[in-house]
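Residue numbers (UniProt numbering), protein chains in the order written: chain A, 1 to 577; chain B, 1 to 577. These notes are about the structure you will find just below.
There are 2 protein chains.
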Amino acid sequence: MAKPKPISLSPLTLSLLILSLLFSSTVQSTLNVWPKPRTFSWPQPQAILLSKNFTISSPTHKHLDAAVTRYLRQVLTEHHRPLVPPDANLTNSPPIQTLTLAVTDLTSPLHHGVNESYTLSIPAEGASATIAAATPWGAMRALETFSQLVWGDPARVVSGIFIEDFPIFEHRGVMLDTSRNFYAVDDILRTIRAMSENKLNVFHWHITDSHSFPLVLESEPDLAGKGSYGAGMEYSPEDVKTVVEFGLDHGVRVLPEIDMPGHTGSWAEAYPEIVTCANMFWWPAGSKLGDRLASEPGTGHLNPLNPKTYQVIKNVIDDVATMFPEPFYHAGADEIIPGCWKADPSVQTFLENNGTLSQLLEVFVNSTFPYLVSLNRTVVYWEDVLLDAEIKVKPSLLPPENTILQTWNNGPNNTKKIVSSGYRAIVSSSDFYYLDCGHGNFIGNNSMYDLLPGTDPGNGGSWCGPFKTWQTIYNYDITYGLTDEEAKLVLGGEVALWSEQADSTVLDPRIWPRASAMAETLWSGNRDETGMKRYAEATDRLNEWRHRMVARGVGAEPIQPLWCIRNPGMCNTVHPF
Amino acid sequence: MAKPKPISLSPLTLSLLILSLLFSSTVQSTLNVWPKPRTFSWPQPQAILLSKNFTISSPTHKHLDAAVTRYLRQVLTEHHRPLVPPDANLTNSPPIQTLTLAVTDLTSPLHHGVNESYTLSIPAEGASATIAAATPWGAMRALETFSQLVWGDPARVVSGIFIEDFPIFEHRGVMLDTSRNFYAVDDILRTIRAMSENKLNVFHWHITDSHSFPLVLESEPDLAGKGSYGAGMEYSPEDVKTVVEFGLDHGVRVLPEIDMPGHTGSWAEAYPEIVTCANMFWWPAGSKLGDRLASEPGTGHLNPLNPKTYQVIKNVIDDVATMFPEPFYHAGADEIIPGCWKADPSVQTFLENNGTLSQLLEVFVNSTFPYLVSLNRTVVYWEDVLLDAEIKVKPSLLPPENTILQTWNNGPNNTKKIVSSGYRAIVSSSDFYYLDCGHGNFIGNNSMYDLLPGTDPGNGGSWCGPFKTWQTIYNYDITYGLTDEEAKLVLGGEVALWSEQADSTVLDPRIWPRASAMAETLWSGNRDETGMKRYAEATDRLNEWRHRMVARGVGAEPIQPLWCIRNPGMCNTVHPF
Chain A
1 MAKPKPISLS PLTLSLLILS LLFSSTVQST LNVWPKPRTF SWPQPQAILL SKNFTISSPT
61 HKHLDAAVTR YLRQVLTEHH RPLVPPDANL TNSPPIQTLT LAVTDLTSPL HHGVNESYTL
121 SIPAEGASAT IAAATPWGAM RALETFSQLV WGDPARVVSG IFIEDFPIFE HRGVMLDTSR
181 NFYAVDDILR TIRAMSENKL NVFHWHITDS HSFPLVLESE PDLAGKGSYG AGMEYSPEDV
241 KTVVEFGLDH GVRVLPEIDM PGHTGSWAEA YPEIVTCANM FWWPAGSKLG DRLASEPGTG
301 HLNPLNPKTY QVIKNVIDDV ATMFPEPFYH AGADEIIPGC WKADPSVQTF LENNGTLSQL
361 LEVFVNSTFP YLVSLNRTVV YWEDVLLDAE IKVKPSLLPP ENTILQTWNN GPNNTKKIVS
421 SGYRAIVSSS DFYYLDCGHG NFIGNNSMYD LLPGTDPGNG GSWCGPFKTW QTIYNYDITY
481 GLTDEEAKLV LGGEVALWSE QADSTVLDPR IWPRASAMAE TLWSGNRDET GMKRYAEATD
541 RLNEWRHRMV ARGVGAEPIQ PLWCIRNPGM CNTVHPF
Chain B
1 MAKPKPISLS PLTLSLLILS LLFSSTVQST LNVWPKPRTF SWPQPQAILL SKNFTISSPT
61 HKHLDAAVTR YLRQVLTEHH RPLVPPDANL TNSPPIQTLT LAVTDLTSPL HHGVNESYTL
121 SIPAEGASAT IAAATPWGAM RALETFSQLV WGDPARVVSG IFIEDFPIFE HRGVMLDTSR
181 NFYAVDDILR TIRAMSENKL NVFHWHITDS HSFPLVLESE PDLAGKGSYG AGMEYSPEDV
241 KTVVEFGLDH GVRVLPEIDM PGHTGSWAEA YPEIVTCANM FWWPAGSKLG DRLASEPGTG
301 HLNPLNPKTY QVIKNVIDDV ATMFPEPFYH AGADEIIPGC WKADPSVQTF LENNGTLSQL
361 LEVFVNSTFP YLVSLNRTVV YWEDVLLDAE IKVKPSLLPP ENTILQTWNN GPNNTKKIVS
421 SGYRAIVSSS DFYYLDCGHG NFIGNNSMYD LLPGTDPGNG GSWCGPFKTW QTIYNYDITY
481 GLTDEEAKLV LGGEVALWSE QADSTVLDPR IWPRASAMAE TLWSGNRDET GMKRYAEATD
541 RLNEWRHRMV ARGVGAEPIQ PLWCIRNPGM CNTVHPF
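Given below as structure tokens:
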């Protein structure tokens with residue numbers, strides 16, 4: 001069993017924490033905010049009516065204005081009906097008239113590490129609540145918290161409360177693969193909205209892969225023109241602008257990934273000459289697992305030896321850097337499969353002249369990484385670029401100041417390898433954070449399907465099964481096993497939805513509320529004030545939050561029978577089983 | 001590995017099969033019908049336009065009329081766009097004008113064992129296609145097949161084809177639990193519609209359980225009045241009539257289950273005096289697993305010793321038998337938990353006087369089963385009533401002619417136990433047919449959630465994990481290990497969706513296309529003409545079928561990247577891995 005470990009806290013936080021501890025028994029069951037604020041004081045569970053003329057006053061800021069407009073409408077019209085009526089007494093105080101926002105620095109851009117802290121004060125009496133935030137983005141977090149404190153018809157809001165809140169981790173993301181199956185722009189916008197409501201702040205958009213190239217680029221129109229799934233299954237420059245602006249309005253960064261040099265089969269529709277092993281059968285008869293041409297169907301790697309490759313890449317990078325103002329740029333570099341490069345005559349010659357596949361990857365990285373850095377981008381790669389068993393580059397090619405590694409294999413061990421080498425890490429461990437796992441296998445005729453009754457089905461062919469439950473995700477401590485110094489290099493985490501067996505029909509329930517589970521652990525942790533994991537309390541609160549998400553139009557899946565929610569505590573157990 | 005075993009076939013079927021084998025290479029990739037017809041002959045892959053004035057002529061029959069109206073609209077307006085355009089050539093023949101239905105026996109009710117066979121002939125030339133069916137219900141199956149042969153704009157239909165079709169198993173169902181979480185009537189109707197489109201014919205409605213009693217009964221209005229989740233989460237008599245009639249219009253029987261004497265906690269809201277251990281904590285501190293009060297939260301069993309129990313039950317049975325004309329009645333009888341009965345003083349006295357819990361169950365069965373039989377019902381029980389390790393009745397109480405057992409434990413072994421004892425069986429093996437499995441555990445604070453990284457997470461707390469993939473379901477032979485005589489007692493199977501962690505947000509993707517996988521195995525099997533499992537061919541065809549289901553408004557989950565579908569064969573493997 002995991003040993004309880006206190007979250008490290010600042011002195012100010014600690015004193016507030018002690019304050020809140022005094023009232024923790026009252027507080028825990030009734031403050032339905034997800035993710036839970038770091039610290040709050042709510043001496044008496046009470047509420048106050050929201051005036052029908054309620055307004056929000058705030059300084060002018062393009063994106064904060066949009067958020068204020070949105071939240072004002074929401075608190076006045078949502079009339080949320082909790083599954084369990086809060087035990088906060090409605091006081092006789094006059095209705096609250098105003099929420100006043102004060103923002104210290106209106107110029108902070110929405111970049112990694114931006115200050116998201118805020119305080120929210122809703123007095124027991126008096127006409128005005130107040131938010132104080134360092135930045136507009138922190139103010140948006142505060143508005144979300146405020147909106148979750150409102151319920152009922154007529155609308156009322158928790159009162160006599162002071163919240164001081166700020167995230168543990170600065171990078172809190174959802175990765176969506178839009179190549180294997182397509183998602184409409186509305187799906188993406190809904191996902192970003194739900195992310196902001198969970199205080200998640202990075203939409204990692206795995207836009208392209210071997211299966212389709214849905215991104216329409218002005219400099220390279222044929223990549224989507226020939227490599228997308230077709231008209232109606234592409235993202236135009238206007239679509240991207242819509243997504244990026246929508247992200248800014250919601251405090252969510254949009255981090256593009258153009259995966260390369262592997263996972264690029266779709267590029268071959270426009271440029272067959274720059275792609276090795278394109279459109280080949282992924283695992284030729286008679287070959288061994290290690291000799292297959294792709295990690296999964298379909299095939300194709302960019303050829304590092306063809307100068308044309310870099311002409312196309314430069315155009316792609318230029319366009320993407322223009323479309324996505326985000327200073328992080330994800331360049332992929334996962335799953336280079338030896339057989340794919342080896343299938344190409346030019347690579348064969350290179351190898352015959354004593355070149356290695358790792359050198360080939362170094363050629364590629366040396367021809368692309370410096371250009372990205374020259375565009376003021378911090379380059380995110382999948383960990384493979386340094387940690388792959390066979391094909392990897394020398395660390396000296398990737399200075400830690402310009403490079404972030406996203407880990408997905410081997411649980412906390414690879415996180416440790418990354419940060420102990422001095423690199424910053426984003427954690428997407430497939431053991432915990434892969435949302436697609438556990439739903440079987442998509443290969444057409446895998447012989448393992450053909451099992452006799454009584455045979456262990458394993459995970460039905462899912463390499464990363466079983467399904468990652470919300471509890472598995474909630475339980476994971478992404479700095480597990482690290483020293484304090486190493487832990488500082490962990491920027492945060494991302495849950496990931498790969499789309500071999502997902503599309504818009506399952507988008508919402510595959511992501512929610514499991515991404516909510518990660519959202520809370522990365523914002524305020526997974527332990528209560530005594531250092532114990534807070535499953536039972538979190539379950540109750542997540543039920544309410546899931547219910548509100550569904551009411552807000554996000555089809556999050558249920559985690560319990562309604563009966564459990566209506567009968568608090570009755571679906572718990574005191575037994576270890 | 002499972003050894004290929006030919007499906008047993010009639011001589012007529014065999015001769016048609018040999019005919020179709022001659023053309024199997026052409027046929028397999030292009031006849032997109034799910035479930036696959038038993039036999040068909042389609043010498044040349046060709047198609048013919050459907051006239052804009054196309055009509056369907058059929059004999060008058062209340063429910064068949066509804067189906068004809070529905071299918072006529074569908075074939076004229078669906079304009080289905082296949083993912084892979086069929087290679088059937090559109091001939092120059094004049095458009096087809098009419099589909100003529102001939103039905104031998106218009107009086108056959110939609111009961112178990114009704115003849116669902118049909119032939120469908122669409123000539124290569126000539127103005128009229130013909131369906132010949134033994135019953136209106138077979139005609140509905142034929143209409144569905146016809147509708148799946150139509151695509152495009154202008155609409156065209158496969159031509160030069162003769163199909164003779166009939167199911168292997170007569171009972172092909174979906175069970176839905178509407179007690180743990182509620183589903184709107186529209187959800188149920190959509191499910192029944194999708195069932196009929198998959199040639200499934202039994203909607204097993206697990207209406208009530210310990211968590212809620214959503215069924216409004218005229219004789220016992222308080223059961224729902226106090227035991228449902230509330231107004232808006234109930235099924236009125238009018239709702240039931242809607243569902244039953246909708247089922248008839250779609251050739252789907254609606255088989256009600258009122259689970260008892262266990263799983264009845266919700267009855268205690270109206271009648272606490274007839275329910276033992278109601279509203280108790282399900283697993284009191286210090287007690288062992290075997291001493292808990294319920295299989296899961298919440299608690300409650302009907303008390304067999306209280307005469308009032310049977311007064312209420314009689315009213316319930318009378319109302320349910322009136323509302324549901326279906327001759328099968330499911331009376332539950334699963335998971336009697338000793339601790340719940342033992343918690344009651346009257347039961348304690350009974351046991352002190354040398355009574356046993358099995359005798360208590362016999363009291364209950366003797367007081368209810370004969371009454372159901374007197375109402376001309378065949379009683380379906382979960383297997384537990386005879387096979388439970390601890391609490392079960394003597395077989396002599398349940399004559400096989402009036403009793404059917406539904407198996408869910410222990411895979412094919414329990415099927416064997418049931419049929420070798422002379423009972424008919426419905427197969428819902430949790431190893432293969434439970435659609436909810438593999439999504440974790442709903443207990444609030446299970447200590448197993450708190451695992452160190454690197455610890456085997458098992459199935460995340462799902463007792464019946466892993467997730468049952470469509471391939472797992474497709475692979476299962478429900479008569480595995482039986483003699484031919486025993487196999488005759490297997491009526492068919494049902495996939496089951498228990499709703500601890502399901503509601504309308506996930507209904508469609510949890511059921512579809514996995515129920516489609518069972519639908520085909522029960523209709524025409526899972527093997528090709530050579531006796532080999534047909535995974536690759538079935539994958540391609542299921543992709544198309546899933547795509548059509550989504551277009552028809554059923555949110556079935558995807559099973560492959562679109563790329564695989566567009567590139568037939570490229571996502572297969574010749575390798576066992």
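We put the CB at the ideal spot given by N, CA and C, even for glycine.
Going by other Cβ atoms of all chains shown within 10 Å of its Cβ, with 16 needed for buried, is residue i buried or exposed?
i: A517(B); result: buried
i: W463(A); result: exposed
i: G422(A); result: exposed
i: L120(A); result: buried
i: L64(A); result: buried
i: F44(A); result: According to the sequence displayed, residue 44(A) carries Gln and not Phe. By the 10 Å Cβ count, Q44(A) comes out exposed.
Short of 8 Å in beta carbon distance, which residues of its chain neighbour residue i, apart from the five on each side in sequence? Order them along the chain.
i: S108(B); result: V114, N115, A134, T135, P136, W137
i: P327(A); result: H111, H112, N376, R377, T378
Is residue j closer than 8 Å to residue i when the C-beta atoms are compared?
i: W205(A); j: L176(A); result: yes
i: A132(B); j: S93(B); result: no
i: V275(B); j: W267(B); result: yes
i: residue 624(A); j: L101(A); result: The requested residue 624(A) is not part of the displayed model; chain A covers only 1 to 577.
i: G465(A); j: C437(A); result: yes
i: residue 579(B); j: P338(B); result: Any question about residue 579(B) goes unanswered here, given that chain B covers just 1 to 577.
i: F182(B); j: L522(B); result: no
i: L562(B); j: R514(B); result: no
i: V174(B); j: R566(B); result: no
i: T191(A); j: L507(A); result: yes
i: G444(B); j: A536(A); result: yes
i: W42(A); j: N198(A); result: no
i: S212(B); j: S236(B); result: no
i: H263(A); j: E362(A); result: no
i: A278(B); j: G290(B); result: no
i: E383(B); j: N402(B); result: no
i: D259(B); j: T299(B); result: no
Spatial neighbours of residue i within its chain, please: CB distance less than 7 Å, with the 5 preceding and 5 following residues excluded, ordered by chain position.
i: P37(B); result: T145, I163, D165, S524
i: V312(B); result: E220, Y271, I274
With distances taken Cα to Cα, identify the nearest neighbour of residue i among the options.
i: L149(A); options: A88(A), A268(A), W563(A); result: A88(A)
i: R81(A); options: N543(A), S396(A), T573(A); result: N543(A)
i: G232(A); options: T119(A), T77(A), V185(A), A536(A); result: V185(A)
i: I418(B); options: S430(B), L386(B), S429(B); result: L386(B)
i: T407(A); options: W42(A), H330(A), R510(A); result: H330(A)
i: E557(B); options: H547(A), M549(A), P86(A), G440(A); result: G440(A)
Can you list, in chain order, the residues of its chain with a C-beta nearer than 6 Å to that of residue i? Leave out the 5 residues immediately preceding and following it.
i: L14(A); result: In this predicted model, L14(A) has a pLDDT of only 36, less than 50, meaning its place in the structure is not dependable enough to derive any value.
i: R424(B); result: I404, L489, L491
i: P400(A); result: G422, Y423
i: Q97(B); result: S51, A127
i: S447(A); result: none
Inspect the CB distances between the region 145-155 of chain A and the region 469-478 of chain A and report whether three or more fall short of 8 Å.
no
Does the contact criterion of 3 or more C-beta pairs under 8 Å hold for the region 348-357 of chain B versus the region 371-384 of chain B?
no
If contact is defined by three or more beta carbon pairs under 8 Å, each pair taking one atom from either stretch, is the region 301-321 of chain B in contact with the region 208-221 of chain B?
yes
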